[in-house]
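In terms of this note's numbering, the sequence shown is residues 310 to 383. Where is the CB? At the ideal position from N, CA and C, for every residue including glycine. Note that the coordinates shown come from a computational prediction; the quantities given were computed from them, not determined experimentally. The next block holds one structure in the form of structure tokens; read it before the comments.
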Amino acid sequence: MPCTLAVFPREPADTTASAQGSPAYRPRKPEASPLWQLVTNHAQTFLDLYDDRFAARYGPLRAVVPPALESFQR
């Protein structure tokens, strides 16, 4: 049985914002996200307690984790 692919035309891009001089890009507010708040409020506690609570079961914390958590918060 042959496979068919339906192709739908794309919606035209909204160009009214850039045409009027206002930017189309709206900056996000990462500080408002629950994930950002969780990492900000609990990352250091997680890092401090990892060896005692999780290392026996999951192995040592990978070296990339602390810099990744720090980078996420910037």
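Contact between the stretch 363-374 and the stretch 335-346 is absent: fewer than 3 CB-CB pairs across the two stretches fall below 8 Å. Between P375 and L358, the CB-CB gap reaches or exceeds 8 Å. Here P339 has W345 as same chain residues with Cβ atoms under 6 Å from its own Cβ, once five neighbours each way along the sequence are excluded. For F355, the uninterrupted alpha helix (DSSP H) segment begins and ends at P343 to R362.
V373: not part of any alpha helix (DSSP H); DSSP gives it neither H nor E.
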